[in-house]
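Asks: Numbering (the UniProt record's numbering), first residue to last: 1 to 218.
We put the beta carbon where it would ideally sit given N, CA and C, even for glycine.
Since we're looking at a predicted model, the values are computed, not measured.
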């Protein structure tokens, strides 16, 4: 990647494809050895062996900069910039850092406890890590459900939509959130929504291109 691309990555919002979790997981376990042979129960098919809790704690303590009542916590900057080593330029996108950190900050209180850090590692080891991680990022208030406003806010923060004016009042969105978009959806409905969203995005882009081409032709 050229330097210009690196600089741009620190300014522009992240693409949801980042949530494949492969990079995050490899970063989390680069110094923590998996202890599959010590597990009493074998990992489920498609899952990844868990890391050693003691080694995870050592990693957590290394990057946690906040201490309250004798306990250490990570801030969003600790987790994303210092630990994951992302968005370190001076003009980094603060909302992007907050959103990425919210994947581990399940209480949404702005700091990450070791219990949350440990649970996040467990999430990354599960077969549906992509959707579980995405759900935490979209769930802005720890309600364990997603509103239309929460969904739109995060989606509008992704790079492709900076180049495409997606219609969030379309029938596709109303199918999930209701005609007045006042319905909240749970995890399983969210998975289906996220799965189908990019197809809908492509359909809208095609319709806009086709309509524009017809106007230019005539």
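Counting only runs of 4+ residues fully inside the stretch 65-150, write out the alpha helix (DSSP H) ranges in chain order.
Replies: 94-101, 114-125 and 129-138
Asks: Just confirm the distance between the C-beta atoms of residue 103 and residue 50, as a whole number of angstroms; I'd bet it's less than 8 angstroms.
Replies: On the chain shown, residue 103 is found 103 positions in, with the first residue counted as 1. On the chain shown, residue 50 is found 50 positions in, with the first residue counted as 1. At roughly 18 angstroms, the Cβ-Cβ gap does not stay under 8 angstroms, so residue 103 and residue 50 are not in contact.
Asks: Thinking residue 119 and residue 133 are a contact (beta carbons under 8 angstroms), I'd like their distance in whole angstroms, please.
Replies: Taking the first residue of the chain shown as position 1, residue 119 is located at position 119. Taking the first residue of the chain shown as position 1, residue 133 is located at position 133. The pair is not a contact, with the Cβ atoms about 12 angstroms apart (cut-off 8 angstroms).
Asks: Give the range of the alpha helix (DSSP H) segment to which residue 62 is assigned.
Replies: Against the chain shown, residue 62 aligns to sequence position 62. 53-63 is the span of the alpha helix (DSSP H), which, as asked, contains residue 62.
Asks: Compare the beta carbon distance of residue 131 and residue 191 with 8 angstroms and say whether it is the shorter of the two.
Replies: Residue 131 sits at position 131 when you count from the first residue of the chain shown. Residue 191 sits at position 191 when you count from the first residue of the chain shown. Yes, Cβ-Cβ distance for residue 131 and residue 191 is below 8 angstroms.
Asks: Determine, using beta carbons only, whether residue 174 comes closer than 8 angstroms to chain C.
Replies: Among the chains in the structure shown there is no chain C, since it carries only a single protein chain.
Asks: Report the partner residues of residue 185 according to the DSSP bridge assignment.
Replies: Residue numbering aside, residue 185 sits at position 185 when the chain shown is read from its first letter. DSSP lists 146 as partners of residue 185.
Asks: Would residue 168 pass as a contact of residue 150 if the rule is Cβ separation under 8 angstroms?
Replies: Reading the chain shown from its first residue, position 168 is the one you call residue 168. Reading the chain shown from its first residue, position 150 is the one you call residue 150. Result no, Cβ atoms of residue 168 and residue 150 do not sit closer than 8 angstroms.
Asks: Would you call residue 175 buried or exposed, if buried means 16 or more other Cβ atoms sit within 10 Å of its Cβ?
Replies: Translated into the one-based positions of the chain shown, residue 175 becomes position 175. Burial call: exposed.
Asks: Counting C-beta neighbours from all protein chains within 10 Å, is the total for residue 136 16 or more, i.e. buried, or is it exposed?
Replies: Along the chain shown, read from residue 1 onward, the residue named residue 136 stands at position 136. Buried is the call here.
Asks: Mapping DSSP to helix, strand and coil, what is residue 165?
Replies: The sequence position of residue 165 within the chain shown is 165, counting from 1. Assigned with DSSP and collapsed to three states, residue 165 falls in coil, not helix or strand.
Asks: Kindly indicate which three-state DSSP category residue 208 falls into: helix, strand or coil?
Replies: To locate residue 208, count along the chain shown from 1; it is residue 208. In this structure, residue 208 counts as helix in the three-state DSSP scheme.
Asks: Measure how close the beta-carbons of residue 141 and residue 180 come, nearest whole angstrom, since I'm counting them as under 8 angstroms.
Replies: Looking up residue 141 in the chain shown gives position 141. Looking up residue 180 in the chain shown gives position 180. Incorrect: roughly 20 angstroms between the Cβ atoms, too far for contact.
Asks: Output the distance between the C-alpha atoms of residue 101 and residue 207, rounded to the nearest integer angstrom.
Replies: Locating residue 101 in the chain shown gives position 101, where the first residue counts as 1. Locating residue 207 in the chain shown gives position 207, where the first residue counts as 1. Between residue 101 and residue 207, the C-alpha separation is close to 36 angstroms.
Asks: Whole-angstrom Cβ separation of residue 173 and residue 148, contact assumed at under 8 angstroms?
Replies: Taking the chain shown and counting its residues from 1, the one referred to as residue 173 is at position 173. Taking the chain shown and counting its residues from 1, the one referred to as residue 148 is at position 148. Between residue 148 and residue 173 the Cβ distance is about 7 angstroms, and since that is below 8 angstroms, they are a contact.
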